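Trainee:
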């Protein structure tokens, strides 16, 4: 899926589901993988319905919130779920339902409130449920029902109220009388003692169950108080007097159950207008032949067959004479009696009279043996026999000769240890044979020789240890063979000979230790389902496999190999699954796998479901490329598989994967590259993984909020770190935004910009920059000198241009250093600068080691960068040390208009009294006198006055560069 398509899909999803604009996950529910409108919210142990359903989308249709601890349903609990059709709230602790709790559930059809603690139903409890058809209220503590409680349920068809403590039948009838669509009403296991309805039942009601109450009489306002009820169950009440039925019309009843009542059935038939065929004769103490005969006589001589139910009558023996007078019996049910033998079934039932018998049920008796009978005519129409739940030990030869057209035979859940090789002789029409849960150890070659049309054979949970060649050779139509739960140690090449139609083979929970392709040769063209779960297949080396065991099973689509005993497969060798080109479902769970070959799934290109759950045994991660050919895989279950990381090399090719289960693994994060490689993923389970709330998982938090993948119980994933109160979906990520890259960018950007500007600056402002650097160095050096004792090495530092050097050497130096007292020591460039030092260092030291600075100003001086710097440094000393050291000497007349270009020098000339040189000898005498006076004057006396004058003129001593 392209990124643009994904965005479009997300927008459509948000528009359809406006409430789900944050994370696609639910706090306490799981969206079913196959039905996205079905939400499972069971066993969350919550007592608040809002915490279960509040975050569900408004298009939900099915919610199962059973097995919680909900006590109250408040008003409007489900108002945001108008499309809900099925709601299960069973097995909670519900005590109260407020009026309007189900408001707005107009589409609800089924509501299950069973197994709660409800004691009463008030008016308004079911408001809004106009389309409800099934209401389950059984197993509560109901004793009060408001007469209008069910009034809103205009479409109700089935109401289950069994296992409550209702005592007033009249109250119940009044509450349901306006339910004109009600068909089923179950009031069994309550405290009802009288049938005295003030009004009749709804005309639609036809099935009424009142079993296990304390009813003694049938009384009502009229003989038709049962209305249109056709099925009535009054079992296990306290009826004993048949006269109570005399005033009630039972003529419409098609089936009446009175089991467990001490009532004389013959008197009932004489007293009431009940049709004899409508009565279920189970549990009416018809325990002898004479009573059965009388019942048959009452049933009349109609040729229309009927069903005769004689369960729980304590019958110990039945003879053919008992049913001689009965009309044709279609179904005879003798279950839950005490029959020890059916003898010759044909004689017991009188084959001549009951030749139309279709089904015989003799379950839950004490039968021990089934013997042969040849003397009378067979039951040609008998097609189904069930002898389940008896104590049958052996079956004799031709035991079912009396039923040659039998299609279904149930002999399961007995103690059969011996099955005669000819026991099933003649059953050529048999389709289904169940011999499961017996004690069979051997199956002979002739045991199934006549069952040429058998389709299902169930031998599960016996003690069969060997499958002899040819055992199933006659079962050419068999499609299902269940041999699970036996003691089979090995298979033979001809074990399944003759099973040319077999599609499903169950060999689970045996002791099979190895398999080879030849075992399945007779069935390799038809087999589709193979169950080998719970055997003893295992490998200890990757190279132990000699040949692929499933090489020729190209039609098998379902293979179960989970739970190999005692410790699992351990090693899954290379080519183990080779040949299973049509496989769609593979079960390898509950095997403690230490190693798995990377090419083991290479042939499974059609695989859709794979489970490796509970295989953790130290294997760690899967080898790269193991799933590379599983492009059709839709569900992958790796719960508790010991995974530590998710890598693109393992999961990168699962483009159609929709469901990924990763619970109970050692994952600290869900890899972003893996998430991007699963475009079809819509279900992710990470429960009980130690997810970390670190910056590495910040992307995962954003992915949870914006993805279309359902993350099971998203809001319950807590941090596996020191943040015990934090959750993965909401841990604080602000610290993650303090990216070191941002700081590096901020720190390096100025240098990068400067580096980009350096060529331009070098070209245009080289000297200005160099000048600023020198000024900075001077300031640093001066800063170090501050605080030292004041001592001057020179009386004056002479700042001049080299063009004026002759005047300095011929006029200035001789006049100040040699001619007359007092003499002054001058600092000159060529004479007093220290060789080897930087020029700037020499200048700074000379200025600060001199009491004054004499500036010989000329036009050449004004144009010199070095001279500008020297006068600037002297000005800086005035500002920093409050010492006016500058003595300007004008060597030649400079008009003010020329000084305006050198604005800093102009400021100096305006603020300072300068000394001008003149070629006139008389004027020169005055010049030298003024200069000597300036050099002798201490600048400490008038420093404050000169600074005050400086600031009063609106300027500040400027320490920046003089501009040329």
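In our numbering, the protein residues as written are 184 to 1147. Heads up, the beta-carbon is just placed ideally off N, CA and C, and yes, glycines get one too. If you're wondering where the values come from, they're calculated on a predicted model, not measured in any experiment.
1) Based on the DSSP output, what are the partners of residue 208 in its beta bridges?
2) Give me the Cα-Cα distance between residue 634 and residue 407, rounded to the nearest whole angstrom.
3) Closest to residue 1030 by C-alpha separation, out of 1044, 1039, 999, 1069, would be which residue?
4) Tell me the residue span of the alpha helix (DSSP H) that contains residue 1033.
5) Across which residues does DSSP place residue 615 in a beta bridge pair?
6) What whole-angstrom Cβ distance do residue 823 and residue 841 have, given they're in contact under 8 Å?
7) Please name the residue in 289, 282, 298, 323 whose C-alpha comes closest to that of residue 305.
8) Mind checking residue 1148: buried by the 16 CB within 10 Å criterion, or exposed?
9) Does DSSP put residue 552 in a helix, in a strand, or in coil?
10) CB of residue 294 to nearest heavy atom of the ligand GDP: below 8 Å?
11) Work out the CA separation of residue 382 and residue 256 for me, nearest whole Å.
12) DSSP puts residue 770 in a beta bridge; with which residues?
13) For residue 877, which of 863, 692, 911, 467 has the nearest alpha-carbon?
14) Kindly indicate which three-state DSSP category residue 994 falls into: helix, strand or coil?
15) So for residue 454, helix, strand or coil by DSSP?
16) I need the straight-line Cα distance from residue 455 to residue 449, nearest angstrom please.
17) Residues in the same chain with beta-carbon distance under 8 Å from residue 871, minus the five sequence neighbours each way, listed in chain order, please.
18) How far does the alpha helix (DSSP H) with residue 490 in it extend, from its first residue to its last?
19) Would you report the Cα separation of residue 798 and residue 783, rounded to the nearest angstrom?
20) Please confirm whether residue 571 and residue 594 have their CB atoms less than 9 Å apart.
21) Where do the ends of the alpha helix (DSSP H) carrying residue 516 lie?
22) Would you be able to state if there are at least three C-beta pairs under 8 Å between the segment 1045-1058 and the segment 989-1004?
23) Assign residue 852 to buried or exposed, taking buried as 16 or more other Cβ atoms, counted over all protein chains shown, within 10 Å of its Cβ.
24) Where do the N-terminal and C-terminal ends of the beta strand (DSSP E) with residue 982 fall, by residue?
25) Keeping to the same chain, check which residues put their C-beta closer than 8 Å to that of residue 387; ignore five residues upstream and five downstream.
26) How many angstroms separate the CA atom of residue 421 from the CA atom of residue 376?
27) Does the beta-carbon of residue 345 have 16 or more other beta-carbons within 10 angstroms, so that it is buried, or is it exposed?
28) Count the other C-beta atoms from every protein chain shown that fall within 10 angstroms of the C-beta of residue 1021, then say buried if there are 16 or more, exposed otherwise.
29) Please name the residue, chosen from 854, 893, 812, that lies closest to residue 839 on a Cα-to-Cα basis.
30) Taking only the alpha-carbon atoms, compute the straight-line gap between residue 771 and residue 795 and give it to the nearest angstrom.
31) What are the boundary residues of the beta strand (DSSP E) that includes residue 382?
32) Does the segment 689-696 touch the segment 656-668, meaning 3 or more C-beta pairs lie closer than 8 Å?
33) Can you round the beta-carbon distance between residue 540 and residue 515 to whole angstroms, since I take them to be within the 8 Å contact cut?
34) Use the C-beta contact count for residue 856: other C-beta atoms within 10 angstroms, 16 or more gives buried, fewer gives exposed.
35) Quick one, are the C-beta atoms of residue 543 and residue 555 less than 9 Å apart?
36) Can you check which of these residues, 701, 1076, 336, is closest to residue 319 by C-alpha distance?
Mentor: Answer, in terms of the structure:
1) DSSP lists 894 as partners of residue 208.
2) 54 Å
3) 1069
4) Note, residue 1033: premise wrong, no alpha helix (DSSP H); beta strand (DSSP E) at 1033-1040.
5) The partner list for residue 615 (beta bridge, DSSP) reads 591, 639.
6) Wrong, their Cβ atoms sit about 21 Å apart, outside the cutoff.
7) 282
8) What the structure shows of the chain is the stretch from 184 to 1147, and residue 1148 is not part of that stretch, so it cannot be assessed.
9) strand
10) The ligand content of the structure shown is nil, which means the ligand GDP is not present either.
11) Straight-line Cα distance between these residues: approximately 32 Å.
12) 743, 794
13) 911
14) In the three-state reduction of the DSSP assignment, residue 994 falls in the helix class, which pools H, G and I.
15) helix
16) 10 Å
17) 846, 847
18) Taken as a continuous stretch (DSSP letters only), residue 490 belongs to no alpha helix (DSSP H), being part of the beta strand (DSSP E) at 489-492.
19) 16 Å
20) Yes, Cβ-Cβ distance for residue 571 and residue 594 is below 9 Å.
21) Run containing residue 516: none in the alpha helix (DSSP H); it sits in the beta strand (DSSP E), 512-516.
22) no
23) buried
24) 977-982
25) These residues qualify, in order along the chain: 362, 363, 364, 365, 366, 411.
26) About 9 Å.
27) buried
28) exposed
29) 812
30) 5 Å
31) Per DSSP, residue 382 belongs to no beta strand (DSSP E) and is neither H nor E.
32) yes
33) 6 Å
34) exposed
35) no
36) Checked all of 701, 1076, 336; the closest Cα to residue 319 is 336.
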